Amino acid sequence: MAFEGLAERLQGTIQRIKGKGKVSEADVKEMMREVRFALIEADVNLKVVKEFVKKVSERAVGADVMKSLTPGQQVIKIVKDELTELMGGDQSPIQFANKPPTVIMMVGLQGAGKTTTTGKLANILRKKYNRNPLLVAADIYRPAAIQQLQTIGKQLSFPVFSLGTDVSPVEIVRQALEKAKEDHNDVVIIDTAGRLHIDEALMQELKDIRALKEPDEVFLVVDSMTGQDAVNVAQNFNETVGITGVILTKLDGDTRGGAALSIRSVAQKPIKFVGMGEKMDALEAFHPERMASRILGMGDMLSLIEKAQENVDEEKAKELEEKFRTQSFTFDDFIDQLNQVKKMGPLEDIIKMLPGAGKIKGLENAKVDEKQMGRMEAIIYAMTPQEKTTPSIINSSRKKRISKGSGTSIQDVNRLLKQFEDMKKMMKQMTNMQQGQKGKKKMK
Ligand code: GDP
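Here the UniProt record's numbering is used: the first residue of the sequence shown is 1, the next is one more, and so on.
Laid out in structure tokens, this is it:
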């Protein structure tokens with residue numbers, strides 16, 4: 001999961017200062033030493049770390065913070081504001097052309113995820129912006145790249161324009177633009193050639209394509225797992241070809257997060273999207289504030305709600321909320337819930353978006369694999385209606401029957417019963433936490 005190491009360190013540091021009624025300069029100094037260490041360990045660019053620490057320290061020892069009633073909280077807010085700022089402040093939207101088609105050029109090194117991201121981006125443009133993109137295969141040096149784009153196009157039902165490998169990329173783009181006009185495609189996404197390293201010929205080719213028709217966006221696709229290399233690539237591309245934004249891929253596997261935190265500041269270009277997996281729907285708009293919130297363990301309810309809205313039936317969600325509140329959650333709901341959750345992606349990612357989730361005991365092990373999910377379903381289906389609503393009646397002879405009926409072991413049944421109880425407890429804790437927060441707000 002993205003930022004895991006950094007999140008853990010920063011959250012530990014924050015926990016110590018959070019409740020302090022008085023914060024001295026020495027406290028801030030001590031905290032900033034830890035923050036500095038955490039950022040360096042996360043592979044954040046050294047210059048960026050220095051500036052960040054300086055800014056936060058200056059603001060944190062300011063008179064209004066020290067004199068405030070909740071200095072600990074104020075310091076945390078400053079850290080969050082500055083993290084947000086570091087990652088670009090506001091979310092940076094896609095620039096569309098006034099007169100279609102909007103031209104988007106995808107550039108980057110080989111293996112960064114350019115072709116995959118071209119498909120994912122087209123998907124977002126269709127789903128969220130109601131656009132009708134044409135994908136252009138302009139990587140003539142790697143025949144497999146053309147094929148790969150065609151496969152993606154087929155899978156998602158997008159037209160792919162290709163002239164094979166014998167025509168120059170500039171000519172391909174010229175003809176693709178004509179084709180887009182004819183077919184009324186309002187966006188053209190050009191998948192350009194990658195290289196193993198930055199070289200003159202590649203840069204010249206990209207400049208030539210730019211010269212033919214100034215794109216509305218030039219997105220550099222970089223692999224976040226390459227850390228500071230990704231930052232250098234971004235700086236280099238920006239200085240030579242010129243880019244309008246960065247798409248950071250493979251953030252799902254990047255536990256450190258150094259690239260995400262440094263790129264904006266070093267390359268002076270915003271991160272527009274992040275890749276969160278290999279699937280075609282695993283591209284998300286990058287929201288600096290939400291990301292800062294997640295890193296600091298404050299949760300990311302907005303993204304969670306958006307994810308839910310995309311995947312979850314609203315009526316069911318309302319019913320479920322009522323059941324959480326009244327503690328009348330049964331195994332039937334559990335099954336429903338499993339199915340809904342399956343649609344939203346990996347459970348551990350979802351849980352991490354909840355505020356304070358890190359503090360709920362046992363959640364770190366809340367991983368669900370497909371096989372285990374199948375077993376859970378089989379066990380629940382083997383229960384009688386009464387057992388589903390009142391699991392407390394499940395004694396050892398009932399357990400035996402259920403395990404036989406579902407083709408599982410008694411241990412499996414026991415485990416599920418325990419998970420169910422844990423889940424109920426967790427909900428209770430969360431409802432309490434929410435009510436606690438509401439209470440606090442009222443007191444202010
Ligand atoms: P290109 O050479 O830049 O066109 O790279 P590809 O699009 O062929 O991607 C290289 C590999 O990275 C493929 O296996 C992709 O599935 C994988 N990939 C791309 N984006 C992501 C991402 O956000 N997360 C993960 N986990 N894998 C990704």
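Glycine included, each C-beta is placed from N, C-alpha and C at the ideal position.
Model, not experiment: these values are computed from the prediction.
In this structure, T408 is the residue among T326, T408, E321, L320 with its C-alpha nearest to the C-alpha of G374. When C-alpha distances from K128 are compared across E319, L338, S328, A285, the shortest belongs to A285. Where E58 is concerned, the enclosing alpha helix (DSSP H) starts and stops at 46 to 60. Taking all protein chains in view, the Cβ of I146 is crowded by 16 or more other Cβ atoms within 10 Å, so the residue is classified as buried.
Of the heavy atoms belonging to the ligand GDP, none sits nearer than 7 angstroms to the Cβ of T244. Runs of alpha helix (DSSP H) with 4 or more residues, each lying fully within the segment 77 to 162, are found at 114 to 129, 143 to 156, listed in chain order.
For V35, the shortest C-beta to heavy atom distance toward the ligand GDP is 7 angstroms or greater.
The three-state secondary structure of K371, taken from DSSP, is helix.
Taken through DSSP and simplified to helix, strand or coil, E284 comes out as strand. The ligand GDP approaches A282 closely enough that one of its heavy atoms is under 7 angstroms from the residue's Cβ.
The closest heavy atom of the ligand GDP lies less than 7 angstroms from the beta carbon of E278. In the structure shown, F331 adopts helical secondary structure according to DSSP, grouped into three states. Check the Cα spacing between G111 and each of E322, F324, K29, L248: the tightest is with L248. Judged by their CB atoms, K120 and M280 are nearer to each other than the 8 angstroms cut-off. Counting C-beta pairs closer than 8 angstroms gives fewer than three between the segment 188 to 202 and the segment 82 to 95, which falls short of the contact rule.
F219 has M106, G245 as its beta-bridge partners, per DSSP. Counted as a single uninterrupted DSSP element, the stretch harbouring G275 is not any alpha helix (DSSP H) but the beta strand (DSSP E) occupying residues 271 to 275.
Shortest gap from the CB of D252 to any heavy atom of the ligand GDP: under 7 angstroms. D191 carries a strand assignment under DSSP once its states are collapsed to helix, strand and coil. Residue nearest to Q411 within the set T151, K399, D166 is K399 (criterion: CA-CA distance).
Annotation for A138 indicates a beta carbon at 7 angstroms or more from all heavy atoms of the ligand GDP.
Approximately 5 angstroms separates the beta-carbon atoms of I380 and I335; this is inside 8 angstroms, confirming the contact. With a threshold of 7 angstroms, the Cβ atom of K114 counts as near the ligand GDP, since some heavy atom of the ligand is closer than that. Here the C-alpha atom of D27 lies approximately 8 angstroms from the C-alpha atom of I17. In the three-state DSSP reduction, T165 falls in the strand class (E or B). Taking non-hydrogen atoms of the ligand GDP into account, the C-beta of G297 is found less than 7 angstroms away from none of them. The beta carbon of P143 sits closer than 8 angstroms to the beta carbons of T165 from its chain, once the five residues preceding and following it are set aside; these are given in chain order.
Using a Cβ-Cβ distance cut-off of 8 angstroms, the segment 2 to 11 and the segment 242 to 262 are in contact, since at least three pairs of beta carbons, one from each stretch, lie closer than that value.
In the structure shown, the three-state DSSP call for A382 is coil.
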